[in-house]
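Enquirer:
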């Protein structure tokens, strides 16, 4: 039996890395399901561990600061709420000013942008900033959620794993989706909502090949969270459903109202984000913390993640007046603190605003409607889904989150109707874009504008590499040229440097030889590109250059860069249009 030859450069390479090298071609075409499934599980393990550590850190901070344990900001005297919010925001601002000055961007919007425009290459340093500042924000009672930091850190875990393994960039997109789903699953015990959120919000596409590793990652991370925090659902409530089709108009009305609330929140956040740009970060964040602290003097329920407030609204323990006060204060406080630079999540606040607004509508309807009625708790739950769907433009993620957070299948039909009405209301009646895409659109970025380019990000260029080439030194004699042309390759590259810079078709070299011109006369200049690049990167590289041929460069685990082949514009256009 013959043994596979191993080169000197490969002898010091671990077997797992050699396996990745052999699978790169299949990974670039998205046809390596077993490898991606394993990578999805690894991403789930890493992302789950990071999210669990994040949650343990901010919970430890709350246990040390609050008299009654987690989320008991109501137990603090009013002046201590103000001091805690301002001091926490000030520490965050100092950190951002001195340690994150180079690139302070964090959150889900940053993940979407890097995935769409930077081939899912997420830097580690931003995730570290997010871990520290997100923990400080939640522990100090800022009006933010934990899902934004969790998604950023989970997505970075997937991206960093893929970069470390040297995977093609199209595979990084899948691993970012895996990390996103893992983070949502581990944070909320909602693996299915995590998958929907990753596909709907972050990568903005549904593919069969992408589902399998993302599902595995979500399940893996959720199982890890079960070991640490238990498997209980977030909100344990009785079975809820509408009592008849006579309630459907009210469900639609609720959705329309929540769409308007979502539009008001998005515009408020957009407004505050544009304020005080010349101010130092510490002053901006302290002002945001001051807004939260002052509002918390009267409505302490807005501080922190606020899931205890959601639970109380679902249980009918809060009156209509206080519910409406929470809606208004939460909207203003969240818009202020996030807009002025405190890194945190906004999905949690949307759930709180939706639940309290829906509960208030339900209480009003209960006093006016005489037929059988689903009750305020049902409308609080429907409000959660409608607000989340309208704010994020993620109807499926919102619906699955409602289902998994409460374990209540009776809300599926009315939930679909409320979410659809809310999303249409925010988009068509109030002309408001998704909270993430609105901010990106101001900088001329919108990954939805060219779906074909987004599709090109799913494929790598390895499948297009033409290896039918030979090197021809500039000082070669006629005998060397004749020997090369006896069996001509498709491409002839110059051979003076480690990496060639010129390319000529063999037919052109033959014509030059017959006409007495230098063999490489009229050669085209090569544009270098990494073999891990996606088809989209190749298209954009050719657009930015004057050439028609890309030089594909391979970087070995040990050793210098070398030429892996060439890719022509015609081959790229053929793959792009197919």
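Numbering (the numbering used here), first residue to last: 76 to 653.
All C-beta atoms, glycine included, are put in the ideal place defined by N, C-alpha and C.
As the structure is a prediction and not an experimental result, all values here were calculated from the model.
Are residue 329 and residue 458 closer than 8 Å when you measure CB to CB?
Expert: In this structure, residue 458 lies closer than 8 Å to residue 329 by Cβ.
Enquirer: In this structure, does DSSP put residue 154 in helix, strand or coil?
Expert: Helix, per DSSP.
Enquirer: To which residues of the same chain is residue 412 closer than 6 Å at the C-beta, ignoring the five residues directly before and after it?
Expert: For residue 412, where only same-chain residues beyond five positions count, the Cβ hits under 6 Å are 217, 218, 363 and 367.
Enquirer: According to DSSP, residue 599 sits in a beta bridge with which residue or residues?
Expert: 578, per the DSSP bridge assignment.
Enquirer: In this structure, does DSSP put residue 85 in helix, strand or coil?
Expert: At residue 85, the pLDDT of 49 sits below 50, so the modelled position is not reliable and the matter cannot be decided from this model.
Enquirer: How far does the beta strand (DSSP E) with residue 255 in it reach, from first residue to last?
Expert: Here residue 255 belongs to no beta strand (DSSP E); instead the alpha helix (DSSP H) covers 244-263.
Enquirer: Relative to the C-alpha of residue 463, which candidate in 418, 275, 400 and 591 has its C-alpha closest?
Expert: Considering only alpha carbons, the answer is 275.
Enquirer: Buried or exposed: which applies to residue 542, given that a residue is buried once 16 or more other Cβ atoms fall within 10 Å of its Cβ?
Expert: Residue 542 should be labelled exposed.
Enquirer: Let's test the definition: count the other Cβ atoms within 10 Å of the Cβ of residue 156 and tell me whether it reaches 16, buried, or not, exposed.
Expert: Looking at its Cβ environment, which holds 16 or more other Cβ atoms inside 10 Å, residue 156 is buried.
Enquirer: According to the neighbour-count rule (16 or more other Cβ atoms, all chains shown, within 10 Å of its Cβ), is residue 244 buried or exposed?
Expert: It counts as buried.
Enquirer: Can you tell me the Cα-Cα spacing of residue 377 and residue 404, whole angstroms?
Expert: Whole-angstrom Cα-Cα distance: 7 Å.
Enquirer: How long is the line joining the alpha carbons of residue 224 and residue 649, rounded to whole angstroms?
Expert: Answer to the nearest angstrom: the Cα atoms are 40 Å apart.
Enquirer: Can you find the residues in the same chain that come closer than 8 Å, C-beta to C-beta, to residue 617, ignoring five residues on each side of it along the sequence?
Expert: Here the set comprises 602, 623, 625, 644 and 647.
Enquirer: Straight-line CA distance for residue 559 to residue 511?
Expert: C-alpha separation (whole angstroms): 56 Å.
Enquirer: Would residue 536 pass as a contact of residue 246 if the rule is Cβ separation under 8 Å?
Expert: No, they are not a contact pair.
Enquirer: Taking the alpha helix (DSSP H) that residue 239 belongs to, which residues open and close that run?
Expert: Residue 239 -> alpha helix (DSSP H) spans 222-240.
Enquirer: Taking Cβ to Cβ, would you say residue 429 is nearer than 8 Å to residue 451?
Expert: Going by C-beta atoms, residue 429 is not nearer than 8 Å to residue 451.
Enquirer: Identify which residue in 208, 186, 207 and 191 has its Cα closest to the Cα of residue 198.
Expert: Comparing Cα positions, the closest option is 186.
Enquirer: Helix, strand or coil: how does DSSP classify residue 639 here?
Expert: Three-state result, residue 639: strand.
Enquirer: At the level of alpha carbons, what is the spacing between residue 659 and residue 336?
Expert: Residue 659 lies beyond the range of the chain shown here (76 to 653); nothing can be said about it.
Enquirer: Which partner residues does residue 605 have in the DSSP bridge list?
Expert: Paired residues: 628.
Enquirer: Classify residue 545 as helix, strand or coil using the three-state DSSP reduction.
Expert: Residue 545: strand per DSSP, three-state reduction.
Enquirer: Quick check: residue 479 and residue 265, are their CB atoms within less than 8 Å of each other?
Expert: The answer is yes: Cβ separation under 8 Å.
Enquirer: Quick check on residue 235: buried or exposed, where buried means 16 or more other Cβ atoms within 10 Å of its Cβ?
Expert: Burial call: buried.
Enquirer: Taking the DSSP output, what are the residues bridged to residue 370?
Expert: Answer is none; residue 370 lacks a bridge partner.
Enquirer: Could you tell me the distance, in whole angstroms, from the CA atom of residue 409 to the CA atom of residue 331?
Expert: Cα-Cα distance, rounded: 22 Å.
Enquirer: Assess contact between the region 307-323 and the region 122-136, defined as three or more Cβ pairs (one per stretch) separated by less than 8 Å. Is contact present?
Expert: Segments in contact, no.
Enquirer: Is the separation between the beta-carbon of residue 371 and that of residue 148 shorter than 8 Å?
Expert: Yes; because the gap between Cβ atoms is below 8 Å, this pair is in contact.
Enquirer: Do residue 547 and residue 594 have their CB atoms nearer than 8 Å?
Expert: Closer than 8 Å, so yes.
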